[in-house]
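Colleague: Numbering (the UniProt record's numbering), first residue to last: 1 to 486. For every residue, glycine included, the Cβ atom is placed at its ideal position computed from N, Cα and C. Keep in mind it's a predicted model, so treat the numbers as computed, not measured.
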Amino acid sequence: MDFTKVKENEERAILEKREIVKKDFWRQKYHIQGIVGLINDPNGFSQFKGKYHMFYQWNPLGTNHKNKTWAHSVSDDLLHWKRLKTALRPDTWYSKDGAYSGSAIVDDDKLYLFYTGNVKDCDGNRESYQCLAVSSDGENFERWEPSIVNQPNGYTRHIRDPKIWKKDGKFYAVIGIQSEDLEGKAVLYSSENIKDWKFEGEIAGANHGKLKDFGFMWECPDYFQLKDEKTGEVKDLLVFSPQGLEPEGDLYNNKYQTGYLFGKLDYKKTEFEISSDFVEIDRGNDFYAPQSMEDDKGRRLIVGWMGIPEEEDFPTVKSEWLHCLTLPRELKVIDGKLYQVPIKEMESIRGEKIEFSGKVTGEVKVGTGATYELKAKFTDFNSDFGLKLRTGKNSETVLKFDYNDKKFVLDRTKGEQADKRLRKVYLGDISELELTVFVDNSSVEVFINGGQEVFSSRIFPEKEANGIIVFADKDVNVEIEKWEWK
Ligand code: FRU
């Protein structure tokens, strides 16, 4: 097999396409995106030698899901990222059809990447190998391949996306897998030395406990603990991206989902004892395969891919690039509920500020902008109301509270995007609606009432579409603060 061309092809693709990509006005300002080609899952989110590291699935050669490498960027503040050289390329036998998703851990002053080597045999059948790579400087990686060769008995070759952690001197990893009866599951492995891994058992899955018919594959599982900020109780969470759930009303409307379960991981029984329903972590059109990590400030940070597999008919393809990651968010549990809150660092990119406050009936234009943070507080309402962002001749993104249905609605039907269905979540009887919205050149991320719900969606407005409008059928009281991004 000739792997010598892999790096060369990457470099050539960058040279050929970079200028085309750069000209696109939908390029993001503060979101990780590929310099050319397609990106998907965040990988190896970690902190090493004082810097945040983010790796991500990247096809440098085109905007399809092939040739997956691990692109690599570093940051001091989670907002300004510097691209380093590609960390892993499909240039070894065990990763020849893609260095697929995985995670990172810092141990003994070294940064370890734990990932899946994707291999297709000569008949096109899938083989998956869990592999390790190690670095002392955070930039050059030595590959140890493979660490886990075969799937356990009773499962198919769909085994991938290891998420690693360390507990009481031992390494553990949760891995997404498919059983022979074609159900999605999560399995637990352990290791004394990070290199040799032992299968412990299946901790969760479709038709396992209360999860009936819960998908044909679980991708990118993540396991961690959070301390409830009110009760002090430690909660275990299992986050994963099941494939194959059918839409149910406002739920599961994207092609594939991502959500979480509260529970307790029992290492002896190898069982994640579920204590909640499965809840979609993000209600928007574009969120999948997130990955979390705990930083040196004790924060549990999470970043998702702002995209969905097989829902990728986006207009940036003609400019030779596709997809980005979400902004990092902090996860918290408060009184038994999961919140996602914007990271404090977002305040550091606030530039010029405008404010508006008063009663609104009909529509009022309160400002303009394409890349900004906006906070809005609505009170005293008795009809539909909300915001229209990135408004122009043929574009607008509507964030609305549907007063009769008591639902928050994200509507991106006007503009150039593939999925024109609305996204909704039931909020119930509320007397106040507080929104924190981050608008980048081609995305919107909405945090509702302190992060109880989040919507992430890509939007593709016309270049000049930058209006910010408040609307209400009848009177609403509103207070707005908006900061243009520096
Ligand atoms: C999720 C996923 C992973 C896989 C990777 C390949 O989006 O399909 O399961 O490792 O993407 O790029």
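Rounded to whole angstroms, what's the CA-CA distance from residue 405 to residue 445? Just pull it up for me.
Modeller: Between residue 405 and residue 445, the C-alpha separation is close to 22 Å.
Colleague: Kindly provide the ranges of any beta strand (DSSP E) runs that are 3 or more residues long and lie completely inside the region 113 to 148, ordered along the chain.
Modeller: Listed in chain order, the complete beta strand (DSSP E) runs (minimum 3 residues) inside the region 113 to 148 are 126 to 135, 142 to 148.
Colleague: Can you name the residues that DSSP bridges to residue 347?
Modeller: For residue 347, which the question treats as bridged, DSSP gives no partner whatsoever.
Colleague: May I ask you to list the residues that DSSP assigns as paired with residue 478?
Modeller: 358, 378
Colleague: Could you name each continuous alpha helix (DSSP H) segment of 4 residues or more that falls completely within the region 28 to 110, going from the start of the chain to the end?
Modeller: Under the rule that a run must span 4 or more residues, no alpha helix (DSSP H) segment is found entirely inside the region 28 to 110.
Colleague: Shortest alpha-carbon distance to residue 78 belongs to which of 414, 344, 371, 426?
Modeller: Taking only the C-alpha atoms, the option nearest residue 78 is 344.
Colleague: In whole angstroms, what separates the C-alpha of residue 196 from that of residue 130?
Modeller: Approximately 11 Å between the Cα atoms of the pair.
Colleague: Residue 57: beta carbon under 7 Å from a heavy atom of ligand 1?
Modeller: At least one heavy atom of ligand 1 is nearer than 7 Å to the Cβ of residue 57, so yes.
Colleague: According to the Cβ coordinates, are residue 470 and residue 366 closer than 8 Å?
Modeller: yes
Colleague: How would you label residue 323, buried or exposed, when you count the other beta carbons within 10 angstroms and need 16 or more for buried?
Modeller: buried
Colleague: Return yes when the C-beta of residue 131 is under 7 Å from any heavy atom of ligand 1, and no when it is not.
Modeller: no
Colleague: Compute every distance between the C-beta of residue 324 and the non-hydrogen atoms of ligand 1, then say whether any falls below 7 Å.
Modeller: Because no heavy atom of ligand 1 lies under 7 Å away, the Cβ of residue 324 does not count as near it: no.
Colleague: Whole angstroms is fine: what's the gap from residue 294's alpha carbon to residue 359's?
Modeller: 42 Å
Colleague: Which of the three DSSP states, helix, strand or coil, is assigned to residue 456?
Modeller: strand
Colleague: So, for residue 211: in the same chain, excluding its five sequence neighbours on each side, which residues have a beta-carbon less than 6 Å away from its beta-carbon?
Modeller: none
Colleague: Is residue 221 buried or exposed, if buried means 16 or more other CB atoms sit within 10 Å of its CB?
Modeller: buried
Colleague: State the DSSP-derived secondary structure class of residue 275, mapped to helix, strand or coil.
Modeller: Three-state DSSP puts residue 275 in coil, outside helix and strand.
Colleague: Which whole runs of the beta strand (DSSP E) in the region 251 to 297 are 3 residues long or more, in chain order?
Modeller: 259 to 266, 271 to 274, 288 to 294
Colleague: Determine contact between the region 239 to 259 and the region 340 to 355, defined as no fewer than three beta-carbon pairs at a distance below 8 Å.
Modeller: no
Colleague: By the three-class DSSP mapping on this structure, what secondary structure does residue 191 have?
Modeller: strand
Colleague: Apply the 10 Å Cβ neighbour rule to residue 1 and answer buried if 16 or more other Cβ atoms are within range, or exposed otherwise.
Modeller: exposed
Colleague: Residue 82: which of 112, 114, 31 sits nearest, CA to CA?
Modeller: 31
Colleague: Return the CA-CA distance between residue 398 and residue 385, expressed in angstroms with no decimal places.
Modeller: 10 Å
Colleague: Look up residue 435 in the DSSP assignment and give the residues it is bridged to.
Modeller: 376, 448
Colleague: Assign residue 555 to one of three DSSP states: helix, strand, or coil.
Modeller: In the structure displayed, the chain extends from 1 to 486; residue 555 sits before or after that span and is not available.
Colleague: Measuring only the C-alpha atoms, how far is residue 86 from residue 336?
Modeller: Cα-Cα distance, rounded: 40 Å.
Colleague: Return yes when the C-beta of residue 72 is under 7 Å from any heavy atom of ligand 1, and no when it is not.
Modeller: no
Colleague: With a threshold of 6 Å on Cβ separation, who are the neighbours of residue 333 within its own chain once the five nearest residues in sequence on each side are excluded?
Modeller: 226, 228, 235
Colleague: Check whether the Cβ of residue 442 sits closer than 7 Å to any heavy atom of ligand 1, and report yes or no.
Modeller: no
Colleague: From this set, 177, 4, 201, 56, which residue's C-alpha is nearest residue 127's C-alpha?
Modeller: 177
Colleague: May I have the straight-line CA-CA distance separating residue 50 from residue 301, to the nearest angstrom?
Modeller: 16 Å
Colleague: From the DSSP output, in three-state form, read off residue 162 for me.
Modeller: strand
Colleague: Return yes when the Cβ of residue 415 is within less than 8 Å of the Cβ of residue 467, no when it is not.
Modeller: no
Colleague: Which residue comes first and which comes last in the beta strand (DSSP E) that contains residue 176?
Modeller: 170 to 179
Colleague: Hey, could you find the ends of the beta strand (DSSP E) residue 324 is sitting in?
Modeller: First-last for residue 324: undefined, no H or E at that position.
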